[in-house]
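I have placed the structure first, in the form of structure tokens, so that the comments after it can refer back to it.
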Amino acid sequence: MSTFHVMTGATGTIVRPTVRQIAVSDVFAALREGYEDFREKPSHYAFVALIYPIAGAIMIGWSSGVELLPMVYPLLAGFALVGPLLALGLMEISRRRELGQPANWSDVLSLFKSPSLPALLMMSLYLLTLFMVWLVVSRGLYLSLIGDYPSPGLFAFAGGILDHPNALAFLFWSNGFGFVLALIALVISIVAFPMLLDRDCGAASAVSTSVRASLANPVPVAVWGLMVAGLLAIGMATLMVGLVIIVPVLGHATWHFYRRLVV
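Position 144 (the sequence shown) corresponds to 144 in our numbering; numbering is contiguous.
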């Protein structure tokens, strides 16, 4: 029977694996490798990839009432904060393919028996907490700077916000706060989730390694973050349809980026 660990691995200590220094070219190499994983057997998980655009569509539908329109942007922007959590299965497929193991979705479900499962759940809680903080603060900023500003529809609502006297202040503070949260999420999770899939090391080791990797490679990590944000924005601009391809590719690429960053 497996022994489960949260903060540390089986040894009870915080391990410090070697972190490599990489180049910006490694970012795009990881993206190419992610695309190769996606292209290898897309039919095996295309139905799962549909979860992402459907989830986005549900978010928009849930926010379609006028009183909830201010939550559309925070919900969609917060999508990036919980991205690593949503891509766990995709990372596991890439890990298993690299090891030459079966990589069907039925095999991927074995990660729920992993000794690292409690640590993965804790990391997931971190990201979900950041997501909830983002939603609460965004709502608070809207109410304090914009207030009750009804509009008959989503696009009319967006135009009305831009015409508001406090529009610049609202955009500055909301996007600024969102950037800080996104940066925190990036730094603590860029290698944490794939590392926990790769080895029984505990959440503390995974987070500390993620931070060390980010500090050792600020430019490549920044390029990675911008690339992920840009691709997700493109996917959302296509009414979520583009996410069917973009999210799986990024999920696989996250595994390969981790393999380039950590020995």
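A virtual CB, placed ideally from N, CA and C, is assigned to each residue, including glycine.
State buried or exposed for residue 125, treating a residue as buried only when at least 16 other CB atoms are found within 10 Å of its CB. As a first step, residue 125 must be located in the sequence shown, where it is residue number 125. With fewer than 16 other Cβ atoms within 10 Å, it is exposed.
Identify which residue in 72, 199, 95, 187 has its Cα closest to the Cα of residue 16. Position 16 of the sequence shown, counting from 1, holds the residue named residue 16. Checking every option, the nearest Cα to that of residue 16 belongs to 199.
Within the same chain, show all residues whose beta-carbon is closer than 6 angstroms to that of residue 41, passing over the 5 residues directly before and after it, in chain order. Counting from one through the sequence shown, the residue named residue 41 turns up at place 41. So the list is empty, once near-sequence residues are dropped.
Determine, using beta-carbon pairs with one atom in the segment 29-40 and one in the segment 246-259, whether at least three such pairs fall under 8 angstroms. yes
Pull up the distance between the alpha-carbon of residue 129 and that of residue 100, whole angstroms please. Position 129 of the sequence shown, counting from 1, holds the residue named residue 129. Position 100 of the sequence shown, counting from 1, holds the residue named residue 100. If I take the Cα positions, the gap works out to 36 angstroms.
Where DSSP assigns a beta bridge to residue 262, which residues make up the other side? Translated into the one-based positions of the sequence shown, residue 262 becomes position 262. In DSSP, residue 262 forms a bridge with 19.
Which of helix, strand or coil does DSSP assign to residue 248? For the purposes of this step, residue 248 is taken as residue 248 along the sequence shown, with counting starting at 1. Of the three classes helix, strand and coil, the one that applies to residue 248 here is helix, per DSSP.
Cut-off 7 angstroms between Cβ atoms - residues of its own chain near residue 194, not counting five sequence neighbours on either side: Here residue 194 is taken as the residue at index 194 of the sequence shown, counted from 1. Excluding positions up to five away in sequence, the list reads 91, 254, 255, 258.
With a cut-off of 8 angstroms on the beta carbons, I'd call residue 214 and residue 190 a contact; round off their distance for me. Taking the first residue of the sequence shown as position 1, residue 214 is located at position 214. Taking the first residue of the sequence shown as position 1, residue 190 is located at position 190. Confirmed, about 6 angstroms.
For residue 2, is the classification buried or exposed, using 16 other Cβ atoms within 10 angstroms of its Cβ as the cut-off for buried? Counting from 1 along the sequence shown, the entry for residue 2 is found at position 2. In this prediction, residue 2 scores a pLDDT of 45, lower than 50, which makes its location untrustworthy; the coordinate-derived value is nonetheless stated afterwards. Looking at its Cβ environment, which holds fewer than 16 other Cβ atoms inside 10 Å, residue 2 is exposed.
State the start and end residues of the unbroken alpha helix (DSSP H) segment that holds residue 200. Looking up residue 200 in the sequence shown gives position 200. No alpha helix (DSSP H) holds residue 200; DSSP gives it neither H nor E.
Which residue wins for smallest C-alpha separation from residue 206, given the options 245, 81, 122? For the purposes of this step, residue 206 is taken as the residue at position 206 of the sequence shown. The residue with the shortest Cα to Cα distance from residue 206 is 122.
Residue 97 and residue 37 closer than 8 angstroms at C-beta: In the sequence shown, counting from the first residue as 1, residue 97 sits at position 97. In the sequence shown, counting from the first residue as 1, residue 37 sits at position 37. Yes, these two residues count as a Cβ contact at 8 angstroms.
Where residue 117 sits in the DSSP three-state scheme: Counting from 1 along the sequence shown, the entry for residue 117 is found at position 117. If DSSP states are grouped into helix, strand and coil, residue 117 belongs with the helices.
Does DSSP put residue 2 in a helix, a strand or coil? For this step, residue 2 is matched to residue 2 along the sequence shown. Note that residue 2 has pLDDT 45, beneath the 50 cutoff, so the model's placement of it is unreliable and the number below is only indicative. Here residue 2 sits in coil by DSSP.
Three-way DSSP call (helix, strand, coil) for residue 256 in this model: Looking up residue 256 in the sequence shown gives position 256. Residue 256 falls in the helix class under three-state DSSP.
Using three-state DSSP, classify residue 234 as helix, strand or coil. As a working mapping, residue 234 is identified with position 234 in the sequence shown. Helix at residue 234.
Which residue from 226, 210, 263, 219 puts its Cα closest to that of residue 80? Translated into positions along the sequence shown, residue 80 becomes position 80. When each option's Cα is compared against that of residue 80, the closest is 226.
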